[in-house]
Amino acid sequence: MWLGLDSVTAPRHGRGMPHDHSDHDHPHALLPSDPALRVKALETILTQKGLIDPAALDEIIETYETKIGPRNGAEVVARAWTDPAFREALLEDATKVVSELGFYGRQGEHMVAVENTKDLHNMVVCTLCSCYPWPLLGIPPGWYKSDAYRARAVREPRKVLAEFGITLPEDTAIRVWDSTAEVRYLVVPMRPAGTEKMTQSELVELISRDSMIGAGLAGQT
Amino acid sequence: MWLGLDSVTAPRHGRGMPHDHSDHDHPHALLPSDPALRVKALETILTQKGLIDPAALDEIIETYETKIGPRNGAEVVARAWTDPAFREALLEDATKVVSELGFYGRQGEHMVAVENTKDLHNMVVCTLCSCYPWPLLGIPPGWYKSDAYRARAVREPRKVLAEFGITLPEDTAIRVWDSTAEVRYLVVPMRPAGTEKMTQSELVELISRDSMIGAGLAGQT
Amino acid sequence: MTRVHDMGGRFGDGVIAQDAQDAPVFHEDWHARALALTLAAGGLGQWNIDISRHARECLPPIDYARFSYYEKWMAGLAGLLVDTGVVTRAELAEARGQGESTWADKRLKAENVAGVLASGGPADRPSDIPVAFKPADQVRTRKITGNRLVDGGHTRLPAYAAGAVGRILRVHGTHILPDSSAHRLGDGAEPLYAVAFAASELWANPEHPKDEVVLDLWQSYLEPA
Amino acid sequence: MTRVHDMGGRFGDGVIAQDAQDAPVFHEDWHARALALTLAAGGLGQWNIDISRHARECLPPIDYARFSYYEKWMAGLAGLLVDTGVVTRAELAEARGQGESTWADKRLKAENVAGVLASGGPADRPSDIPVAFKPADQVRTRKITGNRLVDGGHTRLPAYAAGAVGRILRVHGTHILPDSSAHRLGDGAEPLYAVAFAASELWANPEHPKDEVVLDLWQSYLEPA
Chain C
8 MWLGLDSVTA PRHGRGMPHD HSDHDHPHAL LPSDPALRVK ALETILTQKG
58 LIDPAALDEI IETYETKIGP RNGAEVVARA WTDPAFREAL LEDATKVVSE
108 LGFYGRQGEH MVAVENTKDL HNMVVCTLCS CYPWPLLGIP PGWYKSDAYR
158 ARAVREPRKV LAEFGITLPE DTAIRVWDST AEVRYLVVPM RPAGTEKMTQ
208 SELVELISRD SMIGAGLAGQ T
Chain P
8 MWLGLDSVTA PRHGRGMPHD HSDHDHPHAL LPSDPALRVK ALETILTQKG
58 LIDPAALDEI IETYETKIGP RNGAEVVARA WTDPAFREAL LEDATKVVSE
108 LGFYGRQGEH MVAVENTKDL HNMVVCTLCS CYPWPLLGIP PGWYKSDAYR
158 ARAVREPRKV LAEFGITLPE DTAIRVWDST AEVRYLVVPM RPAGTEKMTQ
208 SELVELISRD SMIGAGLAGQ T
Chain R
59 MTRVHDMGGR FGDGVIAQDA QDAPVFHEDW HARALALTLA AGGLGQWNID
109 ISRHARECLP PIDYARFSYY EKWMAGLAGL LVDTGVVTRA ELAEARGQGE
159 STWADKRLKA ENVAGVLASG GPADRPSDIP VAFKPADQVR TRKITGNRLV
209 DGGHTRLPAY AAGAVGRILR VHGTHILPDS SAHRLGDGAE PLYAVAFAAS
259 ELWANPEHPK DEVVLDLWQS YLEPA
Chain S
59 MTRVHDMGGR FGDGVIAQDA QDAPVFHEDW HARALALTLA AGGLGQWNID
109 ISRHARECLP PIDYARFSYY EKWMAGLAGL LVDTGVVTRA ELAEARGQGE
159 STWADKRLKA ENVAGVLASG GPADRPSDIP VAFKPADQVR TRKITGNRLV
209 DGGHTRLPAY AAGAVGRILR VHGTHILPDS SAHRLGDGAE PLYAVAFAAS
259 ELWANPEHPK DEVVLDLWQS YLEPA
């Protein structure tokens, strides 16, 4: 319950109501404008008030730099390619399956796996913000959070894919998943031809982050 | 035909098609970033190429600083208040009537006058750009061209009017005119009570620019 | 959603920064020069008003948001000059014009300014398209706004009024269709109407049951409702 | 049109600036600090994820457009800290915290980070609202997007998908309604669905007749079609 979804639902007077600021009276304008100094100022204030433990920040950063990243997703995909029962269970209830592998967590509480086939290419975006399956793919790359991707992926996915070097067959349909709720989508890319003899750990190397967003293909170079 | 609406309709290869630029490859990025230097650079280039006569720029500026402004509209309104036949003709065909007064011209080629009453308050905006009846009101004020006015006037005209110091009676309807074509709207504000004995030229002094946009009342102080 | 300029109804903007009634027409000298330069350059006849509006709308969204009004005009003008070949990218980069232009004979002269401003540029044109609606008719706007001739092209149906039912208030005659004219595809003139929409038809939380918004809309934006 | 963040389908953005597959997780040290600071401050329990999304959406449109990703996070965080009274405007202005906070006992400790990240914060909740739709049912989204509880409030129906007909693809169970939760009006949990829309239902010029967009939408956003 760390996100406090339950603990902060009591209305308080004047809070939670939208109040549109003009450019200069938003609280952020009180901080230094240089972003690095701005972050430093906030960290300093919160540390001085006893609200932040800088060591906890270090721990969070190290977690997402070294422990939680697209390798997790690649392991799930590689196993789905090689283990039919696992694949079936993953497509049936991804949250359960990835939890059993220890990949449950923040921004991955409700997982759905969608499988790419010759007939259907899945692709994930969050047009309203930057929702992304952190426990399986880590922190999203810059392009995923860019205005250009958010604006264009839903309207012209084929032009977007072309920028990523992908041209789908003319009769392949595209399904773009706009992550508007707390459900997070993992794309299971197609297994490349000629990989029948590879081991699961060899396959993992073929599975890029972008392929699990649907903006890349597995084995694409 | 100076605006060239007819003369440039022949398609030319690769021209006129939208081509979205990312931030840094738009031609404007080649110019100095300081706006005053940017304008100066464009004027210099065009003058050196013989495409601009700086004296013509001076003449345009002087025209809109001293000759064409809200005084024109105020004269039209004051006469409509005092001359019933004129009022009727103005509401019937404003383009014809203002042309006869010498107030035809650029950005006022198709005029419509709309009259405020106890039952109906008219208000003008251009949400898509900044369309405005230049020959009658001059160059629009900054607020009319602001994002805040463009975004809010159509959705919450009463909150906007409150910022301008106006509270309408509860049973007055508001009609907001969003200037999406080349038709330009002049609001004929209500004549203030107690002005029955005023001359037309005294009345002109009561008629503010904002009152002819519908963001003010005549005689409002 | 069309482009970033299509902001009618947007939430998030704060109070309106008002100018005094007697504020100067131009707050800065360069504002005046920018306006005059835009008008004079338009006089070269290399683009029309729809093309020039579209040039401003096509600014990168970040620029459109951060630029002040006349900065948008200047950036739009730079784009138009390069697109039409009137000025080269090299000339912009060097802030120096290379030799007299072939269009120099179209230069607006000071003595012609008054006449040109007074003559304007009307947008009504004859059209073979019959007028389909009369005042009080119910119409519905296109469900999805957007140019039907050119993907991402210029159009004048704001997103907030897409898929809405209104009633014809005025018939304006037949006018140049910006969706066509902005892309040099001809005037495409067709009937133009003032159409009134109840605020409740456009907004989730309208301010007042009697309020309306009126837009000028072309016949091809409309269908009977 | 809701707010500036609601940009799905917008024209005007250029090519996507791609990162290499092996680019660092954080391009700048301050990006990493900004992310960690946001997570740790969230742990104080003074806001939920819907409130914090809304705080970013409520940035002035000019700021939202010009700020890089983590700058939006920092600005949103500054707003949240002031709105909740955790930090004062004076403290922000002086870049100095005045005395220990009453919420200091909620500080996230380094040794609890792993457990907290692993436990997450699920959004499914029991609800008395019966599930109204099943897979393959046709539904229509609200014609006008926007929060129905709070004018200008948070909502998760993008403008591009308003007034569109789609079909239910999945039933996700009952989830917290962001429109309520973002304004401290309770969980308001209700059924949530994945709804598929033909591209031709959303775009003036769809790329391909077979393409679809799927959105997760709450039952109150939908009606039978």
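Chains as they are written, first to last, in the working numbering: chain C, 8 to 228; chain P, 8 to 228; chain R, 59 to 283; chain S, 59 to 283.
By construction, the Cβ of each residue, glycine as well, lies at the ideal position given by its N, Cα and C atoms.
Item, Value
"Mind checking which residues open and close the beta strand (DSSP E) that includes Phe255 (chain S)?", "Glu248 to Ala256"
"What do you reckon, are the CB atoms on Val104 (chain C) and Leu97 (chain C) nearer than 7 Å?", "yes"
"Roughly how many angstroms separate the alpha carbons of Glu169 (chain R) and Ala92 (chain R), rounded to a whole number?", "20 Å"
"Contact check, Thr187 (chain P) vs Asp71 (chain R) under 8 Å by CB: the rounded distance?", "At roughly 20 Å, the Cβ-Cβ gap does not stay under 8 Å, so Thr187 (chain P) and Asp71 (chain R) are not in contact."
"Please identify the residue among C:Glu50, C:Met205, C:Asp27 and C:Ser218 whose C-alpha is closest to the C-alpha of Arg114 (chain S).", "C:Asp27"
"My guess is that Leu210 (chain C) and Thr89 (chain C) are in contact by the Cβ rule of under 8 Å, so how many angstroms apart are they, rounded?", "7 Å"
"With a threshold of 7 Å between beta-carbons, can Val83 (chain R) be considered close to chain P, or not?", "yes"
"If you follow the beta strand (DSSP E) that Thr232 (chain R) is part of, which residue opens it and which one closes it?", "Val223 to His233"
"Can you list, in chain order, the residues of the stretch 143-167 of chain R whose Cβ is nearer than 9 Å to any Cβ on chain P?", "Gly143, Val144, Val145, Arg147, Ala148, Glu149, Leu150, Ala151, Glu152, Ala153, Arg154, Gly155, Gln156, Gly157, Glu158, Ser159, Trp161, Ala162, Asp163, Lys164, Arg165, Leu166 and Lys167"
"Helix, strand or coil for Glu163 (chain P), going by three-state DSSP, please let me know.", "coil"
"Assuming Arg165 (chain S) and Asp60 (chain C) are in contact, meaning their beta carbons sit under 8 Å apart, how far apart are those beta carbons, in whole angstroms?", "6 Å"
"Over the uninterrupted alpha helix (DSSP H) stretch that includes Asp217 (chain C), give me the two end residues.", "Arg216 to Ile220"
"Evaluate Thr174 (chain P) with the Cβ neighbour count: other Cβ atoms within 10 Å of its Cβ, from every protein chain shown; 16 or more gives buried, anything less gives exposed.", "exposed"
"Figure out for me which residue from P:Pro148, P:Ala160 and P:Gln55 has the closest Cα to the Cα of His89 (chain R).", "P:Pro148"
"Within 7 Å (strictly less), CB to CB, does Val140 (chain R) reach chain S?", "no"
"Could you tell me which chain S residues have their CB closer than 9 Å to the CB of Asp185 (chain P), listed as they occur along the chain?", "Residues of chain S passing the Cβ test: none, with the nearest at roughly 13 Å."
"Could you name the residues that DSSP lists as bridge partners for Glu270 (chain R)?", "P:Arg182 and R:Ala256"
"Does DSSP classify Trp88 (chain S) as helix, strand or coil?", "helix"
"Does Ala200 (chain P) pass the burial test, meaning 16 or more other C-beta atoms within 10 Å, or should it be called exposed?", "exposed"
"Contact check, Asp237 (chain S) vs Asn205 (chain S) under 8 Å by CB: the rounded distance?", "5 Å"
"Residues in the stretch 102-120 of chain R with C-beta within 9 Å of chain S's C-beta atoms, listed in sequence order?", "Glu115, Cys116, Leu117, Pro118, Pro119 and Ile120"
"Check the Cβ-Cβ distances between Glu270 (chain R) and every residue of chain S, and say whether any is below 7 Å.", "no"
"What's the gap between the Cα of Thr142 (chain S) and the Cα of His31 (chain C)?", "20 Å"
"Given that Val97 (chain R) touches chain P, what residues does it touch there, using C-beta distances under 7 Å?", "One detail in the question is off: residue 97 (chain R) reads as Leu in this sequence, not Val. What Leu97 (chain R) touches in chain P: Ile67."
"Roughly how many angstroms lie between the CA atoms of Asp245 (chain S) and Phe69 (chain S), to the nearest whole one?", "35 Å"
"Would you say the stretch 211-222 of chain R touches the stretch 142-162 of chain R, given that touching needs at least three Cβ pairs under 8 Å?", "no"
"Starting from the C-beta of Pro119 (chain R), find all residues in its chain whose C-beta is less than 7 Å away, skip the five residues before and the five after it, and write them out in chain order.", "Val62"
"Who does Tyr192 (chain C) pair with in a DSSP beta bridge?", "C:Val119"
"Excluding the five sequence neighbours on either side, which residues of its own chain have a C-beta within less than 6 Å of the C-beta of His20 (chain C), listed in chain order?", "Residue confidence for His20 (chain C) is low, a pLDDT of 39 falling below 50, so the modelled location carries little weight; the figure read from the coordinates is stated next. Once the five neighbours on either side are set aside, His20 (chain C) has no close Cβ partner at all."
"I'd like to know if Asp237 (chain S) contacts chain R, where contact means its C-beta is closer than 7 Å to some C-beta of that chain.", "no"
"Would Asp108 (chain S) be called buried (16 or more neighbouring beta carbons within 10 Å of its own) or exposed?", "buried"
"Would you identify the three-state DSSP class for Arg157 (chain P), choosing helix, strand or coil?", "helix"
"Just the Cα atoms here: how many angstroms apart are Gly115 (chain C) and Ala247 (chain S)?", "19 Å"
"Starting from Met205 (chain C), trace the beta strand (DSSP E) in both directions and tell me its first and last residue.", "No beta strand (DSSP E) contains Met205 (chain C), which DSSP labels as neither H nor E."
"On the criterion of 16 or more Cβ atoms from any shown chain inside 10 Å, does Gly157 (chain S) qualify as buried, or is it exposed?", "exposed"
"Quick check: what's the CA-CA separation for Leu53 (chain P) versus Glu50 (chain C)?", "52 Å"
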